[in-house]
Every structure is written in structure tokens, then in C-alpha cells.
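**Q** There's a structure below that I have some questions on.
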Amino acid sequence: MSITTTVIGSYPKPPAEGETFTVRKTLHALEKGDVTVTDLHAAQNDLARQIIGEQEQAGIDIVTDGHARWDDILTPFARQWNGFEIGGLLRWFDNNVYYRRPVATSAIGWGGPASVDALKFAKSATDRKVKAVIPGPVTFARLSVDEHYGDHQSFVIAIAEVLAQEAFELEAAGADVIQIDEPALLDAPEDLALAKTAIQRITSEIKNTPTILATYFGDAKRLGTELFDLPVDGFGFDLVSGPENANLIGQVPQDRTVQVGVVDARNTKLEDVDKLATTIQQLAEQVGAERLSVAPSSGLEFLPREKAQAKLQRLAEAAKKVGE
Amino acid sequence: MSKVDLPGPGLWTTSVGSFPKPEYLTKARSQFARKEISREDLTQLEEKATREWIEFQNSIDTDVVVDGEQYRGDMVAYFAEELPGLEIGGLVRSYGNRYYRKPIATGPIGRDHPVTVDWWKFAQGLTDAPVKGMLTGPYTICDWSFNEYYDTRRDFVLDLAKVIRDEALDLEKAGAKYIQIDEPAASTRMDELDLVIEAMNIVTEPLSAHTITHICYGDFHRAYPKMLDIPVDQIDLEFANSEYSLLDEFSADPFTKHIGLGISDVHTHTIEPVEEMAEGIRKALKFIPPEHIFVDPDCGLKTRTVEEAQEKLSNIKKAVDIVRAEL
Chain A
1 MSITTTVIGS YPKPPAEGET FTVRKTLHAL EKGDVTVTDL HAAQNDLARQ
51 IIGEQEQAGI DIVTDGHARW DDILTPFARQ WNGFEIGGLL RWFDNNVYYR
101 RPVATSAIGW GGPASVDALK FAKSATDRKV KAVIPGPVTF ARLSVDEHYG
151 DHQSFVIAIA EVLAQEAFEL EAAGADVIQI DEPALLDAPE DLALAKTAIQ
201 RITSEIKNTP TILATYFGDA KRLGTELFDL PVDGFGFDLV SGPENANLIG
251 QVPQDRTVQV GVVDARNTKL EDVDKLATTI QQLAEQVGAE RLSVAPSSGL
301 EFLPREKAQA KLQRLAEAAK KVGE
Chain B
1001 MSKVDLPGPG LWTTSVGSFP KPEYLTKARS QFARKEISRE DLTQLEEKAT
1051 REWIEFQNSI DTDVVVDGEQ YRGDMVAYFA EELPGLEIGG LVRSYGNRYY
1101 RKPIATGPIG RDHPVTVDWW KFAQGLTDAP VKGMLTGPYT ICDWSFNEYY
1151 DTRRDFVLDL AKVIRDEALD LEKAGAKYIQ IDEPAASTRM DELDLVIEAM
1201 NIVTEPLSAH TITHICYGDF HRAYPKMLDI PVDQIDLEFA NSEYSLLDEF
1251 SADPFTKHIG LGISDVHTHT IEPVEEMAEG IRKALKFIPP EHIFVDPDCG
1301 LKTRTVEEAQ EKLSNIKKAV DIVRAEL
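Order-wise, the sequence lines are chains A and B.
In terms of the working numbering, the numbers along the first sequence are unbroken and rise by one, the last being 324.
In terms of the working numbering, the numbers along the second sequence are unbroken and rise by one, the last being 1327.
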């Protein structure tokens, strides 16, 4: 039984050393008015195609478009929806990477799909399964400013409402997996009950597509097994930044899948394939190979491109060893 | 006992560190990267740009001058290029279309020659005002690098601290009376603030200069007042960017050091009106006496255009003059 390999979402955008960084060049040209948005989309599609190709080549089973069009995971949604303005730069968790903080200034409303075109393009570019990624409602709310609702609960639910619409559209567009990212939940156990209601709102719109609630950048021990009350088909853990997740991983209910980040997406040191295989073997014994998928610890955008690809190759190689 | 020996009642003007590079220098840097011009050609233009920035600061009577870092790319990579044990890695995104070369620790960190001292001397030779020595702090170099060598982050940070201390001592020997050790990463992880303090103590303990650290982009509300334990004489913070909300913290826990008061947002093209900046200074004066205040932009200005940066600095000076007259 082979072990499924996947990614969490983002992928480095700069090309290999010496090659032209077309997306960056096109963005500069766009600022000067030398090219059009259509040119930018073409460059971003090229990049997405390359990123998907690199995942295929490495041997990843379930791919993403690497968030090739996104500056961060929140802005594309906040920009598309009604009610949000885009605020200042803030640190993305404990990384030297920044995101723009969405500011809710009026009632949040559906302004059309934000991520569906990117998913459709990715689907057209590969025969592999494609994962769609959306930010979770609790993480979205906690990383935004609410100048309209005045209470956290209403704000989270309002965000969940529009995310539910997005999820519905993503399923219709052919997403093979829908991943809901909730890294901020790790530090917000007080939001678990609220998260349950909000996630329910989203997953109730998804009929058949498997869903995963992904956490990363730490361990979920403050959430404990109550995490499993959330109505999703599977749970994602970061075993690199949160080694204590090992305990919780063993307790995921039998009818749910488990996605585990085993290679460090935030440091360049390459993992030893044999050691990785041992880790994956243990996980497979712990939860059962059929329920397990393995991945980098988080999005790969924190690494130089060639390191990201090398890490995916090692991940796939180790997973294959275990499957043999 | 304050080590600040400047004329006037306080509200001294300065800058956080970097200034934008003029177009001829940006062009020359890419030409140099493509090996189309020599190191000497590039250095000449770096000196020209430095001279222009010092002249500009002189023209607006800046109290504590910076060299503008025309010869530096990224604040961490610049040191990584010079320090044994660190290598320059591939491009990593910082935000949007901005990328930097993130260094990699591949061996024990050392220092075989002074890194910033010659540039400091060059700059000091161009002005009567004191020029700040500008260093990147050990915690930030660690946090913004990959680590393939050290077993723990603490080992990595403490080795860097010794290297930065030696550089600071050499700056002091050359005559620097103000030394800034930037720790923008210091507010990233509350559970490592003790490590920031431990490392900074290694750097500043043997120094007699007025020491400053610049901290940005963090969860300030969780870092304060513990941040005051960082062993420096002055902490430089961004106020404009957060609409002066940091000041609210100072009523419960008084700010006990000199402050670098950032009154111009460096991430916007907008030039704040003089009166808005003056109002910001007046707000700060409710909490901190003028002789403890240095006024500057929120952060390094390198992402602005030369014109925007100069307009912002000119307005800061005008705002300071207005409020000084009210003292």
C-alpha cells in the first residue's frame, strides 16, 4: 500500500539561479504601465504550470498550483469579497514573511469566486489530483481587523458564510480535495466551539469532495482531542514545528484521514531519506497507511525553489520506500 | 546618566538606517552582478550616493546622521556575505513582489575583519554631526537565516552576538558615539525575548557608546514592558504605522529609556503633512521628556523613492522645529 504524498499549498516563485524571473518582471512592468493584467495572468499561469510540473516530477500525488497568483492566503479573498479593505503589512506567524491585514469596514458579502479560476487552471494543467486551499474562518478573523461586527463570533460566522460559497464553487469546479487552513486555531482553544459551527457551515456546502482541516507552525496540544469535533474528513498536523503532535495523531478517529507534515518547509537542511522513511513507517503503523498522507510541514514558500523541489523529491522517495 | 551630548532641548532628528538608492546605483549594482563593471566602479558610485545622502542630511541639520547603507543590499545578507560560517542562499519571498537572499549557517560563525568600520569612517568624514554605527543584531541574523549547522537557536544566536560585539567595539574604537544594533525580529516570539536580551547583553556590555535598537512589525502589546529589559539606552519604534497606539501602553508602564519615535510610515507613498507629524510628537511628549526623544521615520526608507524619502525627512525636520519652538 503506497503512502499518499501531498503539499500544504504555497511554493517558491523565483526560478532556478540564472533564469528569468518572469512574474516579478511582469509585475514591475505592470506598475509602469508597460504591460496589461492579461500579461500578468499569462505569466502567473506559466509559473503555476511549472510548479505543478515540479511536484509531478518529484512524485507528489495531490498537487496545488503553489498559490502562484497569491501574495498571501488572505488577500485574494478579502479583495474579492464585499466589506473588506486591505490593510498594512504584518508578520505571518513567526516567519520573516508578511501578509496584508484585511480590514472589515462593512458587512461581508460574496463578491464572486476568489480562487476558482486558479483551481480550474491547475486542473487543466495536470492529470494528478488537485487540492484547493482556503483560509479557515477563525484564522481569517484572527488575522484581520473587525471594524464592523464588533464581536468575534459574528465576524467569524460572516466569514464562514462566504467561505461556504467559495467551497461550493470549488467543488463544482472539480477540486479533488478541499483544505481549510486553520493555523491560528492552535493558539485559540477558546475558539473551538465557534470553529465547529463555522466549519460546519462550510463543509455542509461540500457534498462529496474530501475535506482536510490543516494546522501548521506548531502543535495542537492545547486543542486536544476536541479538535476532532470539527466536521471535516481529515486533519493536518505539522510534526516538524510540533513534535508533540505525535500523540494527537494516534488519537484521530478511525473514520478520518490524517495528513502529516514530515519535512521541514522552513529550513534548507535536507532530510535524510532513510530517517524520513522510518518516520513515515511509524506513522503508517500508527494510523494505517490507507488513512495517511504525508507532506511538508507547511507551505514551501519559505524555501528557495531548488530546496523546495529537493525536499519534495525526498518526501516522495521516502513514502515510496515505505509503500514497497 | 545619559550619554547623549547634543545641543538643544531634545527632539533630535535622526534616521533608522537605510535610504533608497539612486537609480544610477541600482543600475550599477545589477551591472556589477552581471560582471559588466568592476568592484571599484561600483564602490565609486556607492561613495557618490553616500556623499549625496550625507549632504542632504546636513542640509536639514540632522542631529544624528546615518550613512544610508548605499553599499548594503539586505540588512542580514550584508553581514552574511562578510562573516565566515554564513553563506548566501537562494531567493525567498518577504512579501508580494519583494524577495531577499536568505543566508544559511553552514559552519561556526566567526569574523576575520571589520565589516562596517571603513564606511563609518568615510561617512563621518563628510559631516560634523555624529554618524551612527549601524549593525544587525544577533537574534535577527539568526531568525532571518536558515540553520544547517547549529544544534540549537541559542548556540547560533550567542555565537553571532560575540561577532557583533567585536564589530561594535571596532566602531567605538574608530570614534562612533552612537551604535544601533537592529533587532526587528525581536518581537517575533515572546518565548525567546530572554534570548534577545541575553544576546544583546553580550553585545552592549563592553560598550560606552549610546546604544540603540530598532524593533518592528511585532506583537508589541505582548512584548511590552518586558522589551525594556533589552540592555540598550534607546529603543526605536514605529508609531505612524500604528497610528500611535503604542503610546497607550506607556500610561500603565512608563517608557524608561530614550525613544526613537517613528513618525512617518515607510510603506506608503503618502507624505504625511507636517502638522500630522507634529501632532504625533506632541502625543509622545505626554509620556516621554524631549531630552529622551529622537525623531525619525518608522523604519528604514530604502523601499521609498529618493524624492519620497527626502520629502518625508524634510517634513520630519519641519515638524520637529514646530514642536521644539513650543517647548
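All C-beta atoms in this analysis are idealised placements derived from N, C-alpha and C, irrespective of residue type, glycine included.
For F1255 (chain B) and I1293 (chain B), what's the separation of their Cα atoms in angstroms?
**A** For the purposes of this step, residue 1255 (chain B) is identified with residue 255 of the second sequence, where counting begins at 1. For the purposes of this step, residue 1293 (chain B) is identified with residue 293 of the second sequence, where counting begins at 1. So the alpha carbons of these two residues sit roughly 11 Å apart.
**Q** I'd like to confirm the pairing. Which residues does DSSP put opposite R1029 (chain B) in its beta bridges?
**A** The residue you call residue 1029 (chain B) lines up with position 29 of the second sequence. Bridge partners of R1029 (chain B): none, in fact.
**Q** Keeping to the same chain, check which residues put their C-beta closer than 8 Å to that of V1232 (chain B); ignore five residues upstream and five downstream.
**A** Position 232 of the second sequence holds residue 1232 (chain B). Around V1232 (chain B): I1181, M1200, T1204, T1211, I1212, T1213, K1257.
**Q** Taking the alpha helix (DSSP H) that M1277 (chain B) falls in, what are its first and last residues?
**A** The sequence position of residue 1277 (chain B) within the second sequence is 277, counting from 1. Run containing M1277 (chain B): 1274–1285, per the alpha helix (DSSP H) assignment.
**Q** Taking DSSP's pairing of strands, which residues face F84 (chain A) in a bridge?
**A** By 1-based counting over the first sequence, the position of residue 84 (chain A) is 84. Its beta-bridge partners are A:A104.
**Q** So that I know if they touch, is there some Cβ in chain B lying closer than 8 Å to that of T268 (chain A)?
**A** Numbered from its first residue, the first sequence carries residue 268 (chain A) at position 268. By this cut-off, T268 (chain A) is an interface position.
**Q** Would a check of beta-carbon distances place A1223 (chain B) closer than 8 Å to chain A?
**A** Taking the second sequence and counting its residues from 1, one reaches residue 1223 (chain B) at position 223. So no, A1223 (chain B) is outside the interface.
**Q** On the three-pair Cβ rule with 8 Å, is the region 157–168 of chain A touching the region 118–125 of chain A?
**A** Contact between the region 157–168 of chain A and the region 118–125 of chain A is absent, because fewer than three Cβ pairs lie under 8 Å.
**Q** Taking C-alpha atoms, which residue in B:T1043, B:D1166, B:P1103, B:L1091 lies nearest to L1207 (chain B)?
**A** Residue numbering aside, residue 1207 (chain B) sits at position 207 when the second sequence is read from its first letter. Here the closest residue by C-alpha is B:D1166.
**Q** For L185 (chain A), which residues in chain B fall below 9 Å Cβ to Cβ?
**A** Position 185 of the first sequence, counting from 1, holds the residue named residue 185 (chain A). By Cβ distance, chain B contributes nothing, its closest Cβ being about 17 Å from L185 (chain A), past 9 Å.
**Q** List the residues of chain B that G299 (chain A) touches, going by C-beta distances under 9 Å, in chain order.
**A** The count along the first sequence starts at 1 and reaches residue 299 (chain A) at position 299. Those do not exist, as G299 (chain A) stays about 11 Å from chain B at its closest Cβ, beyond 9 Å.
**Q** Which residues in chain B have a C-beta closer than 9 Å to the C-beta of P14 (chain A)? List them in chain order.
**A** As a position in the first sequence, residue 14 (chain A) is number 14, starting the count at 1. Correct list: G1090, L1091, V1092, R1093, Y1099.
**Q** Judging by CA-CA distance, which residue of A:D229, A:D146, A:Y216, A:K320 is the nearest neighbour of D298 (chain A)?
**A** To locate residue 298 (chain A), count along the first sequence from 1; it is residue 298. The sequence given here has Ser at residue 298 (chain A), not Asp. Checking every option, the nearest Cα to that of S298 (chain A) belongs to A:Y216.
**Q** With DSSP as the reference, label N1097 (chain B) as helix, strand or coil.
**A** Numbered from its first residue, the second sequence carries residue 1097 (chain B) at position 97. Three-state result, N1097 (chain B): coil.
**Q** Helix, strand or coil: which one does DSSP assign to I52 (chain A)?
**A** Indexing the first sequence from 1 puts residue 52 (chain A) at position 52. Three-state DSSP puts I52 (chain A) in a helix.
**Q** Spatial neighbours of Y1099 (chain B) within its chain, please: CB distance less than 6 Å, with the 5 preceding and 5 following residues excluded, ordered by chain position.
**A** Start at 1 with the first residue of the second sequence, and residue 1099 (chain B) comes out as number 99. Excluding sequence neighbours, Y1099 (chain B) sits near L1091, R1093.
**Q** Quick check on K307 (chain A) - is its C-beta less than 8 Å from some C-beta in chain B?
**A** In the first sequence, the residue the question calls residue 307 (chain A) occupies position 307. Yes, because at least one Cβ of chain B sits closer than 8 Å to the Cβ of K307 (chain A).
**Q** Taking Cβ positions, are I62 (chain A) and T126 (chain A) nearer each other than 8 Å?
**A** Along the first sequence, read from residue 1 onward, the residue named residue 62 (chain A) stands at position 62. Along the first sequence, read from residue 1 onward, the residue named residue 126 (chain A) stands at position 126. Taking 8 Å as the Cβ cut-off, I62 (chain A) and T126 (chain A) do not qualify as a contacting pair.
**Q** Using 8 Å as the limit for Cβ to Cβ distance, is L276 (chain A) near chain B?
**A** To locate residue 276 (chain A), count along the first sequence from 1; it is residue 276. False, the Cβ-Cβ gap to chain B never drops below 8 Å.
**Q** Does the distance from the CB of D219 (chain A) to the CB of T257 (chain A) come in under 8 Å?
**A** What you label residue 219 (chain A) is simply residue 219 of the first sequence in a count that begins at 1. What you label residue 257 (chain A) is simply residue 257 of the first sequence in a count that begins at 1. Going by C-beta atoms, D219 (chain A) is not nearer than 8 Å to T257 (chain A).
**Q** Is there a Cβ of chain B sitting closer than 8 Å to that of E169 (chain A), yes or no?
**A** By 1-based counting over the first sequence, the position of residue 169 (chain A) is 169. Output row for E169 (chain A): interface = no.
**Q** With 8 Å as the C-beta to C-beta threshold (strictly closer), list the residues of the region 80–91 of chain A near chain B in chain order.
**A** If the cut-off is 8 Å between Cβ atoms, the region 80–91 of chain A has G88, L89, L90, R91 near chain B.
**Q** Which class does F155 (chain A) belong to by DSSP, given the choice of helix, strand or coil?
**A** One-based indexing of the first sequence puts residue 155 (chain A) at position 155. The answer is helix: DSSP assigns F155 (chain A) an H, G or I state.
**Q** Does DSSP classify G323 (chain A) as helix, strand or coil?
**A** The residue you call residue 323 (chain A) lines up with position 323 of the first sequence. G323 (chain A) falls in the helix class under three-state DSSP.
**Q** For the beta strand (DSSP E) that contains F1156 (chain B), what are its first and last residues?
**A** By 1-based counting over the second sequence, the position of residue 1156 (chain B) is 156. Note, F1156 (chain B): premise wrong, no beta strand (DSSP E); alpha helix (DSSP H) at 1153–1174.
**Q** Comparing the C-beta of P304 (chain A) with each C-beta of chain B, is any distance below 8 Å?
**A** Here residue 304 (chain A) is taken as the residue at index 304 of the first sequence, counted from 1. Interface residue, yes.
**Q** Would the beta-carbon of D1151 (chain B) fall within 8 Å of that of P1108 (chain B)?
**A** For this step, residue 1151 (chain B) is matched to residue 151 along the second sequence. For this step, residue 1108 (chain B) is matched to residue 108 along the second sequence. Against a cut-off of 8 Å, the Cβ pair of P1108 (chain B) and D1151 (chain B) comes out as no contact.
**Q** Kindly list, in the order they appear in chain B, the residues whose Cβ is closer than 9 Å to that of E54 (chain A).
**A** If you number the first sequence from 1, residue 54 (chain A) lands on position 54. Near E54 (chain A) there are no residues of chain B at all, since even the closest Cβ is about 14 Å away, more than 9 Å.
**Q** Take A310 (chain A) and list the residues in its own chain whose beta-carbon comes closer than 8 Å to its own, dropping the five residues that flank it on each side.
**A** As a working mapping, residue 310 (chain A) is identified with position 310 in the first sequence. Taken in chain order, the residues that qualify are L270.
**Q** From the DSSP secondary-structure annotation, give me the bridge partner or partners of N1147 (chain B).
**A** Counted from its first residue, the second sequence places residue 1147 (chain B) at position 147. Beta-bridge pairing links N1147 (chain B) to B:A1105.
**Q** Can you tell me the Cα-Cα spacing of T1043 (chain B) and P14 (chain A), whole angstroms?
**A** By 1-based counting over the second sequence, the position of residue 1043 (chain B) is 43. By 1-based counting over the first sequence, the position of residue 14 (chain A) is 14. Rounded to the nearest angstrom, the two C-alpha atoms are 28 Å apart.
**Q** Can you determine whether any heavy atom of the ligand ADP sits closer than 7 Å to the C-beta of A308 (chain A), and answer yes or no?
**A** Only the bare structure without any ligand can be found here, which leaves the ligand ADP out of the picture.
**Q** Thinking C-beta only, is L1086 (chain B) closer than 8 Å to P1114 (chain B)?
**A** Position 114 of the second sequence, counted from the first residue, corresponds to residue 1114 (chain B). Position 86 of the second sequence, counted from the first residue, corresponds to residue 1086 (chain B). Going by C-beta atoms, P1114 (chain B) is not nearer than 8 Å to L1086 (chain B).
**Q** Please state whether the Cβ-Cβ distance between T1140 (chain B) and V1076 (chain B) is less than 8 Å.
**A** By 1-based counting over the second sequence, the position of residue 1140 (chain B) is 140. By 1-based counting over the second sequence, the position of residue 1076 (chain B) is 76. Yes, they are a contact pair.
**Q** Is A141 (chain A) closer than 8 Å to H152 (chain A) when the C-beta atoms are compared?
**A** Locating residue 152 (chain A) in the first sequence gives position 152, counting from the first residue. Locating residue 141 (chain A) in the first sequence gives position 141, counting from the first residue. Result yes, Cβ atoms of H152 (chain A) and A141 (chain A) sit closer than 8 Å.
**Q** Assign T268 (chain A) to buried or exposed, taking buried as 16 or more other Cβ atoms, counted over all protein chains shown, within 10 Å of its Cβ.
**A** The residue you call residue 268 (chain A) lines up with position 268 of the first sequence. So T268 (chain A) counts as buried.
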